[in-house]
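Have a look at the structure below, then the notes.
Protein chains: 2
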Amino acid sequence: MDHAVTKPHEKLATHLAGKLSAVNDLIRARMVSRHAPRIPEVTAHLVEAGGKRLRPMLTLAAADLCGYGGEYDVHLAATVEFIHTATLLHDDVVDESAQRRGRPTANLLWDNKSSVLVGDYLFSRAFQLMVEPGSLRVLDILANASATIAEGEVLQLSAAQDLRTDESIYLQIVRGKTAALFSAATEVGGVISDAPEAQVKALYAYGDALGIAFQIVDDLLDYQGDSAATGKNIGDDFRECKLTLPVIKAVAAANEEERAFWSRVIERGKQGAGDLEHALTLLKAHDALEQTQQDALGWAAKAKSEIAKLPDHPVRQMLGDLADYVVTRVS
Amino acid sequence: MDHAVTKPHEKLATHLAGKLSAVNDLIRARMVSRHAPRIPEVTAHLVEAGGKRLRPMLTLAAADLCGYGGEYDVHLAATVEFIHTATLLHDDVVDESAQRRGRPTANLLWDNKSSVLVGDYLFSRAFQLMVEPGSLRVLDILANASATIAEGEVLQLSAAQDLRTDESIYLQIVRGKTAALFSAATEVGGVISDAPEAQVKALYAYGDALGIAFQIVDDLLDYQGDSAATGKNIGDDFRECKLTLPVIKAVAAANEEERAFWSRVIERGKQGAGDLEHALTLLKAHDALEQTQQDALGWAAKAKSEIAKLPDHPVRQMLGDLADYVVTRVS
Numbered sequence: 007m008d009h010a011v012t013k014p015h016e017k018l019a020t021h022l023a024g025k026l027s028a029v030n031d032l033i034r035a036r037m038v039s040r041h042a043p044r045i046p047e048v049t050a051h052l053v054e055a056g057g058k059r060l061r062p063m064l065t066l067a068a069a070d071l072c073g074y075g076g077e078y079d080v081h082l083a084a085t086v087e088f089i090h091t092a093t094l095l096h097d098d099v100v101d102e103s104a105q106r107r108g109r110p111t112a113n114l115l116w117d118n119k120s121s122v123l124v125g126d127y128l129f130s131r132a133f134q135l136m137v138e139p140g141s142l143r144v145l146d147i148l149a150n151a152s153a154t155i156a157e158g159e160v161l162q163l164s165a166a167q168d169l170r171t172d173e174s175i176y177l178q179i180v181r182g183k184t185a186a187l188f189s190a191a192t193e194v195g196g197v198i199s200d201a202p203e204a205q206v207k208a209l210y211a212y213g214d215a216l217g218i219a220f221q222i223v224d225d226l227l228d229y230q231g232d233s234a235a236t237g238k239n240i241g242d243d244f245r246e247c248k249l250t251l252p253v254i255k256a257v258a259a260a261n262e263e264e265r266a267f268w269s270r271v272i273e274r275g276k277q278g279a280g281d282l283e284h285a286l287t288l289l290k291a292h293d294a295l296e297q298t299q300q301d302a303l304g305w306a307a308k309a310k311s312e313i314a315k316l317p318d319h320p321v322r323q324m325l326g327d328l329a330d331y332v333v334t335r336v337s
Numbered sequence: 007m008d009h010a011v012t013k014p015h016e017k018l019a020t021h022l023a024g025k026l027s028a029v030n031d032l033i034r035a036r037m038v039s040r041h042a043p044r045i046p047e048v049t050a051h052l053v054e055a056g057g058k059r060l061r062p063m064l065t066l067a068a069a070d071l072c073g074y075g076g077e078y079d080v081h082l083a084a085t086v087e088f089i090h091t092a093t094l095l096h097d098d099v100v101d102e103s104a105q106r107r108g109r110p111t112a113n114l115l116w117d118n119k120s121s122v123l124v125g126d127y128l129f130s131r132a133f134q135l136m137v138e139p140g141s142l143r144v145l146d147i148l149a150n151a152s153a154t155i156a157e158g159e160v161l162q163l164s165a166a167q168d169l170r171t172d173e174s175i176y177l178q179i180v181r182g183k184t185a186a187l188f189s190a191a192t193e194v195g196g197v198i199s200d201a202p203e204a205q206v207k208a209l210y211a212y213g214d215a216l217g218i219a220f221q222i223v224d225d226l227l228d229y230q231g232d233s234a235a236t237g238k239n240i241g242d243d244f245r246e247c248k249l250t251l252p253v254i255k256a257v258a259a260a261n262e263e264e265r266a267f268w269s270r271v272i273e274r275g276k277q278g279a280g281d282l283e284h285a286l287t288l289l290k291a292h293d294a295l296e297q298t299q300q301d302a303l304g305w306a307a308k309a310k311s312e313i314a315k316l317p318d319h320p321v322r323q324m325l326g327d328l329a330d331y332v333v334t335r336v337s
């Protein structure tokens, strides 16, 4: 695919290569623990796994776009990646619990103890890093993002299996799971650059909308993706009885019999042969996948309109293209 | 017991009653989650359980002793209690894992998911609170304490069952488990009061020594306590194959046969009838309990000598008495 070489996150990675390499060096340096050699062992796999480094790139890109000339963009980008990695480790524990109740596979590499404690260690490392630039406003943004993330995760525990969960609750969960770190990543890039307030606000709104689009697409692909391309199996969320946007839309439009079906398979978790197929039929009957896709496209458009408020700059174009790219998987 | 009414932490609680009540109000206010009602449900039990509030009291006492006239001592005291509660929640997960491998009871009230995620929520709440006083130095202290706590917990995972763990590694673990939060609690009380540097240093050293004495006493009571008075069963650490100071001392003095015994019961976790009794015999034979007690008394004396560097003040006396009180349980 010729398309592959022009992916916007790859363009960003090329443009920001020097800074990204400094971020990687800083992450490696700060993972080292004199007292607890097991820590880099556990984190290396996650941090070195060749992820797209999307979140730290957002911080570097925002700072670059705002003409930042210092070095603390690297600290904050590493901070964001540490927070992301810590939440992944803790999610592992949460997912493993699910598995213990007879749910499908979770690819846990270490025991719960290590996941919890090394996650805490990464949070504390993130915390040390973010203090270094000496900006109370940056700390305030990251503290609020952390609270939104944690609150969203806890909310998901109770709301994900409750048919009363509506689109506004879904949005709160998505902000916690994904968008809060995206928007903090872009906002702090503007703040350390002393960008004008309107630009900082637009950077926040861009990250927020991009994160929401990103998560909606992820949830949509769970019902209509090509598993060879996405690496996800169709119906994972369904089997885990997780209420996501497509199902929320189908439940909102459900008749009594359909509601009873959703209640059985999601709320009570009683699933049998043919249930996933029936769910897909209901999703299609109520245009739920189509509407979900429209929502994702709407958030991507919102992200583009926000980033357009920043000054003209090659990075601005790449961030706009990134918003389009995030939704190409479903459009 | 007439002794009971004059316990130094009770004197402190009486002296600081107004501030402590403000701390409780703030904790309650910040536990509320608009989006996730389960959070206060989970935390209320821990926070409201009528703990001694020792750590927040240390912050309030240090600030009082340094003549602080503002209101941020309350924020920082609540911060310290939130961090403490969050680590308790995460310890629950770690301990529950232990139990799953056939170890004795852990009194877990909620599932792993809630413990991990609500712990994260409390960390993020602590983080928001500590930003509010607007002191980068306070943030630096608390960030470093968090890293020490997390590192100590991870270190304990590997070191607690390894006979090569010596007293210096034990000390690192104890600083992580206990002393880092004690010393941060007292230090930030001095810092927000703009106390002279020598006093801030002494407050740090007092908290550090007090925390170490506190933890050594706890580990000692596990082998020689009166379970009716302490609420701990003799030998819990032994049954959990946890290497603590008494055993480290006995291992250091062990002959070949004794070493083989410790290796079997601690490193390989193979314990049978009579093993605890034999362990106690070895601890006595090598004066390990006596030496551990001397260490605890030494740290308490160190705490007293540090707090003596602060100006004369009723609270200084109470903090000095507190150091004595911590070790009375074993002297």
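For the record, the sequence lines run as chains A and B.
Using the numbering used here, read the first sequence as starting at 7 and increasing by one per residue.
Using the numbering used here, read the second sequence as starting at 7 and increasing by one per residue.
For each residue, glycine too, the CB sits at the ideal point set by N, CA and C.
Per DSSP, the unbroken alpha helix (DSSP H) holding K119 (chain A) starts and ends at 118-137.
For a Cβ distance threshold of 7 Å, residue set L142 of chain A lies close to G140 (chain B), ordered along the chain.
At a beta-carbon threshold of 7 Å, the residues of chain A lying near R131 (chain B) are A153, ordered along the chain. Ranking A:L187, A:T154, A:L71, A:E283 by CA distance to the CA of P202 (chain A) puts A:L71 first.
Here N118 (chain A) is buried. Its C-beta has 16 or more other C-beta atoms within 10 Å. Straight-line spacing of the CA atoms in V122 (chain A) and K183 (chain B) works out to 15 Å. Distances from the alpha-carbon of L18 (chain A) to those of A:T334, A:A329, A:V333 put A:A329 closest. Interface residue (Cβ-Cβ distance to chain B less than 8 Å): H81 (chain A) is not classified as such.
Taking the Cα of L95 (chain B) as reference, the smallest distance to any Cα among B:A259, B:G76, B:Y127 is reached at B:Y127. Going by DSSP, I240 (chain B) is part of no alpha helix (DSSP H) at all; its letter is neither H nor E. Judged by their CB atoms, V206 (chain A) and G196 (chain A) are nearer to each other than the 8 Å cut-off. Taking 9 Å as the cut-off between beta carbons, the residues of the region 173-205 of chain B near chain A are I175, Q178, I179, G182, in sequence order. Residue range 251-258 is occupied by the alpha helix (DSSP H) that includes P252 (chain B).
In terms of beta-carbon proximity, K310 (chain A) stays away from the interface with chain B, with every pair separated by 8 Å or more. In the structure shown, Q323 (chain A) falls within a helical segment according to DSSP collapsed to helix, strand and coil.
Residue contact check for K248 (chain B) against chain A: no CB pair falls below 8 Å. Chain A has no Cβ within less than 8 Å of the Cβ of A302 (chain B). Each residue's CA atom was taken as its position, placing P62 (chain A) and L148 (chain B) some 24 Å apart. Excluding five sequence positions before and after Q178 (chain A), the CB atoms of its chain that fall closer than 7 Å to its own CB belong to G158, L161, given in chain order. With respect to E138 (chain A), Y78 (chain A) sits close: the two C-beta atoms are nearer than 8 Å. DSSP, read as helix, strand or coil, puts Y74 (chain A) in coil. With fewer than 16 other Cβ atoms inside 10 Å of its own Cβ, G75 (chain B) counts as exposed. Annotated three-state conformation of V336 (chain B) is coil, per DSSP. In the three-state DSSP reduction, H292 (chain A) falls in the coil class, being neither helix nor strand. Put simply, the CB of H96 (chain A) is near chain B, with a gap under 8 Å to one of its CB atoms. Contact between Q299 (chain A) and V336 (chain A) holds, since their C-beta atoms are separated by about 5 Å, short of 8 Å. Per DSSP, the unbroken alpha helix (DSSP H) holding T20 (chain A) starts and ends at 14-21. In the structure shown, P62 (chain B) adopts helical secondary structure according to DSSP, grouped into three states.
Between I313 (chain A) and G326 (chain A), the CB-CB gap stays under 8 Å. Against chain A, a Cβ distance below 8 Å from Q167 (chain B) picks out nothing, because the smallest value is about 12 Å. Membership of E203 (chain B) in the alpha helix (DSSP H) is indicated by the continuous run 203-230. In summary, T192 (chain A) is buried, with 16 or more beta-carbon neighbours lying within 10 Å of its beta-carbon over all protein chains present.
No Cβ-Cβ contact shorter than 8 Å links A294 (chain B) with P320 (chain B). For A190 (chain B), the enclosing alpha helix (DSSP H) covers residues 186-198. Residues of chain B with a Cβ closer than 9 Å to the Cβ of Q134 (chain A) are, in chain order, D146, A149, N150, S152, A153. Just measuring C-alpha positions, the residue of A:V99, A:E173, A:A92 sitting nearest F133 (chain A) is A:A92.
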